[in-house]
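Engineer: Numbering (this note's numbering), first residue to last: 63 to 341.
We treat Cβ as the ideally placed atom computed from N, Cα and C, and that holds for glycine.
None of the values given here were measured: they were computed from a predicted structure.
Following this message is one structure expressed as structure tokens.
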């Protein structure tokens with residue numbers, strides 16, 4: 063199988079995800095997609111399975127609302143895989159001003175074009191493009207970090223993009239350091255989101271209870287929507303307790319794909335830790 067660099071691999075995975083959501087695991091459609099990329103169908107299936115953890119047919123099953131609803135969990139007080147987080151209040155960020163240098167870059171991902179921004183304190187922005195030219199993403203970054211010095215530098219963010227989206231098999235295993243800016247309530251919601259296990263989901267009700275305000279369902283949803291680090295602060299793991307995915311900042315198809323990808327990774331990890339069958 064030809065070795066694809068991370069950008070063309072990401073674009074091919076993105077096309078495969080779109081096809082699986084629109085047509086299911088259609089062998090003929092997958093074969094046409096493989097041919098357009100200069101691959102044999104078996105090579106495309108292997109590429110997707112290596113990345114997603116499961117074969118296309120299993121991945122499609124993960125997209126079903128009833129399957130998603132069965133993954134409901136309660137945010138753990140101290141999830142073992144919670145990222146390393148530094149926080150700033152809006153006043154702290156303003157006081158830092160241009161001493162906080164943020165380097166940003168656009169990168170292809172299996173879930174669409176992604177804008178990442180990082181500083182010496184940690185990754186501080188991850189979002190997907192919703193406009194063709196990506197201008198909206200840069201405007202959002204500038205609005206969120208208005209006082210920082212922002213520098214275009216995709217070389218600084220490329221290794222992070224490859225790690226975040228599973229495009230670098232040799233990436234280090236330690237958590238990515240994150241920098242979050244927000245109010246006390248927002249930070250509490252974002253921390254609760256990081257405590258939902260990968261491959262699981264949580265209801266807005268359980269998140270509200272986790273931050274000590276059971277009646278604040280709308281406020282919890284609003285805080286999740288203002289999260290500056292999608293995927294790593296996993297607001298996509300918050301759903302209605304019925305399992306219905308009714309909204310997401312970057313679209314419902316993106317949210318479904320993110321959840322299915324994480325469930326595939328969880329299933330693969332579980333299979334790797336199962337004891338071997340008795341001889």
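#1: For residue 84 and residue 229, I'd like the C-alpha separation in whole angstroms.
#2: Out of 155, 166, 213, point me to the one whose CA is closest to residue 177's CA.
#3: So, with DSSP's three-state summary, where would you put residue 219?
#4: Taking only the alpha-carbon atoms, compute the straight-line gap between residue 326 and residue 157 and give it to the nearest angstrom.
#5: Using the three-state DSSP reduction, which class does residue 186 fall into: helix, strand or coil?
#6: Tell me whether the beta-carbon of residue 96 lies closer than 9 angstroms to the beta-carbon of residue 169.
#7: For the alpha helix (DSSP H) containing residue 200, list its first residue and its last residue.
#8: Give the single residue among 121, 331, 236, 304 whose Cα lies nearest to the Cα of residue 266.
#9: Between the Cα of residue 253 and the Cα atoms of 236, 235, 238, 273, which residue gives the shortest distance?
#10: Could you check what DSSP says for residue 282 in three-state terms: helix, strand or coil?
#11: Whole-angstrom Cβ separation of residue 286 and residue 314, contact assumed at under 8 angstroms?
#12: Here's the rule: buried if 16 or more other CB atoms are within 10 angstroms of the residue's CB, otherwise exposed. What is residue 258?
#13: DSSP state of residue 213, grouped into three classes?
#14: Please return the same chain residues whose Cβ sits closer than 6 angstroms to the Cβ of residue 149, not counting the five positions on each side in sequence.
#15: Here's a check: name, in chain order, each residue in its chain whose Cβ is nearer than 7 angstroms to the Cβ of residue 310, leaving out the five neighbours to either side.
#16: How close, in whole Å, do the beta carbons of residue 116 and residue 329 come, if the pair is a contact with beta carbons under 8 angstroms?
#17: Shorter than 8 angstroms, the distance from the beta carbon of residue 149 to the closest heavy atom of the ligand FAD, or not?
#18: If you reduce the DSSP assignment to three classes, tell me which class residue 71 lands in.
#19: According to DSSP, is residue 309 helix, strand or coil?
#20: Going along the chain, which residues of its own chain have a beta-carbon closer than 6 angstroms to the beta-carbon of residue 290, five neighbours each way excluded?
Structural biologist: Quick look at the numbers:
#1: If I take the Cα positions, the gap works out to 24 angstroms.
#2: Answer by Cα proximity: 166.
#3: Helix at residue 219.
#4: Approximately 43 angstroms between the Cα atoms of the pair.
#5: DSSP places residue 186 in strand when its eight states are reduced to three.
#6: Not closer than 9 angstroms, so no.
#7: 197 to 206 is the extent of the alpha helix (DSSP H) around residue 200.
#8: If we check each option's Cα against that of residue 266, 304 comes out closest.
#9: Of the candidates 236, 235, 238, 273, the one whose C-alpha sits nearest the C-alpha of residue 253 is 273.
#10: Correct three-state label for residue 282: helix.
#11: Distance from residue 286 to residue 314 at the Cβ level is roughly 15 angstroms; contact not present, criterion being Cβ atoms closer than 8 angstroms.
#12: It is buried - the Cβ of residue 258 has at least 16 other Cβ atoms within 10 Å.
#13: Here residue 213 sits in strand by DSSP.
#14: Closer than 6 angstroms at Cβ, skipping near neighbours: 242, 249.
#15: Closer than 7 angstroms at the Cβ level, and outside the excluded window around residue 310, lie 298, 316, 317.
#16: Contact flag correct, Cβ pair sits at about 6 angstroms.
#17: The ligand FAD is not among the ligands present in this structure, which contains no ligands whatsoever.
#18: Residue 71 sits in a helix when the DSSP states are folded into three classes.
#19: DSSP places residue 309 outside both helix and strand once states are collapsed to three, so it counts as coil.
#20: The residues 187, 206, in chain order, have a CB closer than 6 angstroms to that of residue 290 in the same chain once the five nearest residues on each side in sequence are set aside.
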